[in-house]
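Residue numbers (our numbering): 31 to 249.
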């Protein structure tokens, strides 16, 4: 399997720009390449493409980050995939992390939920430096070194689970507060109507194989 990446940033000193109309990529299906050229020429982007995979998005995010942090020495991409993108902003005051999550209906409003939980549980949840809820953008300070594959001791595990349980129990009965934060309402009495709307979405059926469609309709 091969992957082809389209970059907006300038090439490295050892690289060079290629003419979009003349460049050829070995083993890349011509139909795919033609579709990309047509997209660039027309400016029409498929509706389902995530914002951080669209031309111009990185420049917008960079400007927003720099406006809030001031002096930013460099921006680095930490992770990008189908549901989120994470950037690291290196500054004289230390590292900050920018995260954007998908706005698909399947997911909660992560910036809103994080901000509200940080206000309610300041000792458990890191408070965002800035959020832009409408776009799903969130800027956070550095949490410190990650545990990685290290196994924490029994006491640390007990404290972690106990803290998480206290947070869950304290919010268990506050449905309205949780939905205001940006959590999704997945209570049992609401799932039926949500399933009906899901099955009415043509995009859902388009992503399934024939045997999957048949099995889902049967159920």
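Where is the CB? At the ideal position from N, CA and C, for every residue including glycine.
Pairwise C-alpha distance: residue j and residue i
i, j, result
"residue 120", "residue 162", "20 angstroms"
"residue 82", "residue 88", "7 angstroms"
"residue 61", "residue 153", "54 angstroms"
"residue 198", "residue 249", "33 angstroms"
"residue 237", "residue 183", "44 angstroms"
"residue 67", "residue 225", "38 angstroms"
"residue 17", "residue 72", "Residue 17 lies beyond the stretch modelled for the chain, which goes from 31 to 249, so this question has no answer here."
"residue 196", "residue 189", "10 angstroms"
"residue 210", "residue 103", "36 angstroms"
"residue 202", "residue 232", "35 angstroms"
"residue 112", "residue 167", "15 angstroms"
"residue 108", "residue 115", "8 angstroms"
"residue 59", "residue 234", "26 angstroms"
"residue 146", "residue 47", "46 angstroms"
"residue 129", "residue 49", "33 angstroms"
"residue 80", "residue 64", "21 angstroms"
"residue 106", "residue 148", "26 angstroms"
"residue 85", "residue 246", "37 angstroms"
Pick from the options that is closest to residue i, judged by C-alpha positions
i, options, result
"residue 136", "213, 242, 245, 54", "213"
"residue 126", "98, 112, 133, 145", "98"
"residue 194", "155, 172, 168", "155"
"residue 230", "150, 243, 219", "243"
"residue 124", "173, 132, 157", "173"
"residue 208", "143, 100, 134, 132", "143"
Coarse secondary structure for residue i, derived from DSSP in three states
i, result
"residue 124", "strand"
"residue 116", "strand"
"residue 131", "strand"
"residue 143", "helix"
"residue 101", "coil"
"residue 202", "coil"
"residue 106", "strand"
"residue 160", "strand"
"residue 77", "coil"
"residue 214", "coil"
"residue 207", "helix"
"residue 237", "coil"
"residue 195", "helix"
"residue 37", "coil"
The alpha helix (DSSP H) enclosing residue i, as first and last residue numbers
i, result
"residue 71", "60 to 72"
Segment limits, beta strand (DSSP E) that includes residue i
i, result
"residue 243", "From DSSP, residue 243 is part of no beta strand (DSSP E) but of the alpha helix (DSSP H) over 240 to 248."
"residue 171", "167 to 171"
Any non-hydrogen atom of the ligand SAH within 8 angstroms of residue i CB
i, result
"residue 146", "As for the ligand SAH, it is missing from this structure, which has no ligand bound."
Proximity test, Cβ basis, 9 angstroms: residue i and chain B
i, result
"residue 174", "The displayed structure is made up of one protein chain only, and chain B is not part of it."
Open item on the list: Closer than 8 angstroms is the cut-off here; do at least three beta carbon pairs connect the region 90 to 99 with the region 110 to 127?
Closed with: Touching, per the Cβ criterion.
- [ ] Decide yes or no for the touch test of the region 130 to 144 against the region 210 to 227: beta carbon pairs closer than 8 angstroms, at least 3 of them.
- [x] yes
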